[in-house]
Every structure is written in structure tokens, then in C-alpha cells.
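In the numbering used here, the protein residues as written are 82 to 478. Just below is one structure, and these are the notes that go with it.
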Amino acid sequence: MSEWQKILKDDAVATLDKLAEKFGHDVIDVEALKPAFDNFQMRITPSALEQIKRVGDPMWNQYVPTVQELDIVDGVIDSLDEDADSPVPNITHRYPDRVLFLVSPVCASYCRFCTRRRKVGDPEKIPLNQYESAFEYIRQHPEIRDVIMSGGDPMMLSDRRLEYLFQNLRAIPHVEIIRIGSRITSHLPERITPEFCEMVQKYHPVYMNTHFIHPDELTPRVRQALDMLARAGIPLGCQTVLLKGTNDDPKVMMKLMHELLKARVRPYYIYMADQVAGGEHFRTTVQKGLEIIKALRGWTSGLAVPHFVIDAPGGGGKVPLLPEYVEEITDDSVTFRNYAGERYVYKQPKQSGGCASEPIQVPDIVPIAVGQSAASTTNERSSKTGKVTRRRRSAAG
Ligand code: SF4
């Protein structure tokens with residue numbers, strides 16, 4: 082057994098009784114929390130435990146079960162409708178040139194807000210013996226150039242199994258990029274070993290999307306693991322979920338982005354928390370996310386400003402949201418405000434023949450999806466599937 086597997090087996094807290102032993106029975110009401118625990122298992126690694134400074138702090142909120150998980154309001158089990166886009170077991174094919182490949186059912190620590198909590202922790206739902214149909218699907222689809230290994234956490238697999246996956250994917254000529262989505266650097270930095278770092282270099286380009294929520298996660302040991310990955314030539318990105326009471330504060334997010342960059346991790350996404358059953362108490366408003374992006378953009382380096390997205394409920398994919406800087410667009414000019422709120426005008430290039438269309442007035446803050454113009458839209462949401470049918474209206478409509 083490897084060192085990291087021993088740590089997981091011997092030192093992680095994986096029962097409510099053990100949690101109560103550590104933090105006190107007055108804090109952990111084992112009986113009251115049992116239904117939440119039964120609904121989604123708990124495991125907290127030594128690294129995550131070290132990050133918890135006090136009861137109820139941002140780290141605690143991420144890992145300790147609460148009775149709020151049982152309050153289901155808008156939450157749905159498969160909030161992103163991933164199973165509907167799954168042509169073969171373990172594969173989700175939603176976007177034109179890439180697939181999600183679920184390779185591991187388990188994680189080192191379990192995050193209470195997990196979108197995939199319906200599957201994570203259950204080996205029957207992410208079977209390890211069904212990789213072959215996934216490889217065959219990827220082989221048969223030459224448009225797939227990017228494979229994102231996820232789960233669960235792919236880094237919970239042994240090096241031998243990871244290498245088997247890399248070898249099979251690299252044997253498919255049209256697979257250009259392999260990505261690993263993993264929270265292991267925060268949960269179990271001991272998993273990043275010299276052996277893994279040596280092995281992975283045979284299969285580049287391999288990217289890793291890490292997952293950090295709060296700057297307190299970047300302990301010296303975690304930074305060391307990130308450094309090892311960067312030295313192994315793995316470009317590192319970070320996905321962050323916006324969580325109420327945990328990181329929904331511009332100062333906390335600014336600090337997180339700065340600490341990530343210092344560790345050579347490029348902030349990639351801030352996600353709105355999904356409408357997942359059991360994780361609703363973590364959700365905050367979209368306005369809060371826009372406020373955070375507005376507090377980053379221009380006030381700090383562009384490197385520190387990730388995309389802010391909603392993963393559309395019902396399987397619509399990621400939609401970027403932007404605070405609105407543009408006030409008016411005409412054929413002659415664009416009027417906008419800069420990060421400090423000062424107004425500027427940019428002259429459009431002269432068009433031959435001109436055009437007498439109406440100026441477009443842009444309201445104060447509007448989420449603008451990629452490819453969507455400033456014309457407004459109305460949405461109709463199916464209460465059953467969460468899918469939204471968008472109806473387009475003219476700017477004057
Ligand atoms: S590490 Fe990722 S997949 Fe695992 S519990 Fe956390 S959010 Fe879910």
C-alpha cells in the first residue's frame with residue numbers, strides 16, 4: 082500500500098463518531114446528522130482537517146455534514162442532466178469536441194456541495210470495469226480532441242491504473258489533450274509523488290484542473306504538491322465554486338486568486354453553485370458573483386480574473402456571465418464605463434454607406450452569453466427538467 086493510501090485508510094475521519102471524538106459531541110450531534118451522512122458519505126482527510134481552524138469556518142462548511150442538506154427546495158438530483166448526455170457508461174458528451182470521462186467513483190474528502198453526489202462514493206454508479214466502451218466511443222468519434230478525466234477524483238486511482246488510462250487515450254490519434262479534474266492537491270497532497278510526476282510526463286499534454294474554494298487551503302504542503310505538478314510540465318488551472326458563507330466575498334476571492342497564481346495555478350472558472358439537491362444552502366445570488374468579478378476585473382491583473390459561469394440547469398452547458406460595462410452601441414460609437422466606473426467613448430470605424438439602425442441601450446447589469454447580442458431574451462423554464470427555452474426579442478421588444 083502506498084503512503085497516501087495508508088494516510089487515507091488510517092488518518093482520515095470517515096464516521097460521525099470519529100468526527101464527534103475530534104470536535105466534541107456538543108458540536109457533532111451524531112443522531113441528528115445521521116440522515117445527512119446516510120444520504121452522502123463523509124470523509125475528511127488530514128490535509129482538509131488541518132485547514133479547519135474553528136467550528137463553522139469556511140473549511141468546516143465544506144466537509145462537515147449538516148441537517149440543511151435534507152431541505153430540498155429547488156434542488157434536483159442530476160442538476161446538469163449529465164446522464165441524458167451519456168451515450169455509454171462513464172462518458173458525458175455534451176460539447177462538440179470534448180467529453181467528460183468518469184474514471185473514479187471515490188474522492189479523498191467529500192465536499193458537501195458536490196454536484197455529482199448522486200454518483201460519487203458509489204462504485205456501482207461509476208464502474209471501473211467499463212472503461213472499454215468509453216475508449217471505443219472516443220475512438221469512433223474523431224471530433225473528440227479533448228478528454229476530461231473526472232469522477233470522483235481520478236487521482237484516487239493507482240499510478241498503474243492511471244497509466245493504463247493514459248496509454249489507451251494516447252493510442253487514439255485524434256485525442257490531443259488529456260485533462261484531469263482533481264481536488265487531490267487540497268485534499269491529499271501526499272498523493273502527488275515523484276513517481277506519478279515522472280510517469281505523467283510520458284503522456285503530455287496532460288493538464289490538471291485543480292479545485293480550490295478558499296485561500297486557507299493553500300497550506301505549505303499543498304503548495305509543495307502544486308510545485309511538483311508544475312515542474313512535471315502540467316499546466317494547472319483552478320475551478321472555484323461560489324459558496325455562501327465560504328467564499329462569497331470579493332476580498333476572499335481576490336486573495337484566493339493571488340495565492341493560486343503564486344502557486345503557478347491559473348484561475349479558470351468561478352461557478353455558481355449548482356441547483357443540486359442537498360447543496361442548496363450553499364447557493365448565493367448571481368448578483369454576488371457579478372459583484373465579485375467586478376471587484377477583480379481591472380483592480381487586479383487579468384491573470385487573476387477567471388470566467389464566471391453558470392452551468393445551465395438541465396444540461397445547457399456553461400454560460401459566462403459578465404458585469405455590464407457597455408452602455409450604448411451605435412454604428413458610430415460605443416459608450417462604456419471602465420473598471421472604476423468612468424465613462425469613455427470608442428469611435429467605430431467608418432462604414433461605407435452607413436446604417437441608420439436604432440442605438441442599442443444596454444441595461445445596467447445583464448448576463449451576456451457568448452454569441453448573444455445585446456438584444457434581450459425571455460426564458461421559459463420547465464419545472465420538470467430545469468431546461469430553459471429561450472425566446473429572443475428585438476432590442477425594442
Ligand atoms: S472532490 Fe469533486 S467530485 Fe469529489 S466530492 Fe468534492 S466536488 Fe465532488
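Ideal Cβ positions, reconstructed from N, Cα and C, are used throughout, including at glycine.
Taken in chain order, the unbroken stretches of alpha helix (DSSP H) that lie wholly in the segment 218-258 and span 4 residues or more are 240-251.
Close CB contacts of aspartate 240 within its chain, under the 7 Å cut and outside five residues either way in sequence, are with Glu276, Phe277 and Met280 (chain order).
Note that the C-beta distance between aspartate 164 and arginine 175 is not below 8 Å. If only uninterrupted beta strand (DSSP E) runs of at least 3 residues are considered, those enclosed by the segment 378-428 are 388-393, 398-401, 407-410, 414-418 and 424-428. By DSSP's assignment, threonine 266 forms no beta bridge with any residue. Here glutamate 257 has Arg226, Asp227 and Pro286 as same chain residues with Cβ atoms under 8 Å from its own Cβ, once five neighbours each way along the sequence are excluded. Along the length of the segment 262-315, whole alpha helix (DSSP H) runs at least 4 residues long occupy 265-268, 275-281 and 301-312, reported in chain order. Distances between the C-beta of glycine 360 and the heavy atoms of ligand 1 are all 7 Å or more.
A distance below 8 Å separates the beta carbons of valine 187 and aspartate 234.
Distance from the Cα of glycine 379 is smallest, within the candidate group Pro348, Val357 and Gly422, for Gly422.
Under the criterion of beta carbons closer than 8 Å, alanine 376 and proline 348 do not qualify as touching, at roughly 14 Å. By the Cβ-count criterion, alanine 129 is buried, with 16 or more other Cβ atoms from all chains shown falling within 10 Å of its own Cβ. Per DSSP, serine 167 lies in no alpha helix (DSSP H) segment and is marked neither H nor E. Between threonine 416 and proline 139, the C-beta gap is not smaller than 8 Å, which leaves the two residues out of contact. Counting along the chain, the unbroken beta strand (DSSP E) around valine 346 starts and ends at 346-353. In this structure, DSSP gives phenylalanine 194 a state outside helix and strand, which the three-state scheme calls coil.
For leucine 317, the enclosing beta strand (DSSP E) starts and ends at 317-323.
Two segments are said to touch when three or more pairs of C-beta atoms, one from each, lie closer than 8 Å; by this definition the segment 212-226 does not touch the segment 259-276. If you check the C-beta of cysteine 195 against ligand 1, you find a heavy atom less than 7 Å away. Partner residues in the beta bridge of tyrosine 176, as assigned by DSSP, are Arg179.
Here the C-alpha atom of alanine 358 lies approximately 34 Å from the C-alpha atom of proline 301. Of Ala95, Lys99 and Ile172, the smallest CA-CA separation from glycine 232 is found for Ile172. When Asp178, Tyr427 and Lys343 are compared, the shortest CA-CA separation from glutamate 224 is found for Asp178.
Between isoleucine 261 and methionine 309, the gap from beta carbon to beta carbon reaches 8 Å or more.
The beta carbon of aspartate 234 sits closer than 7 Å to at least one heavy atom of ligand 1. Secondary structure of valine 145 (DSSP, three-state): coil. Taken atom to atom, the span from the alpha-carbon of aspartate 355 to that of cysteine 195 is near 9 Å. Sorting Gln221, Glu271 and Arg272 by C-alpha distance to the C-alpha of leucine 250 places Gln221 at the top. Contact annotation: phenylalanine 121 and leucine 97 have beta-carbon atoms that are not nearer than 8 Å. Closest option to glutamine 368, judged by alpha-carbon separation, among Gly360, His362, Val390 and Tyr288: Val390.
In this model, threonine 321 and glycine 370 are separated by some 12 Å (Cα to Cα). In the three-state DSSP reduction, isoleucine 158 falls in the coil class, being neither helix nor strand.
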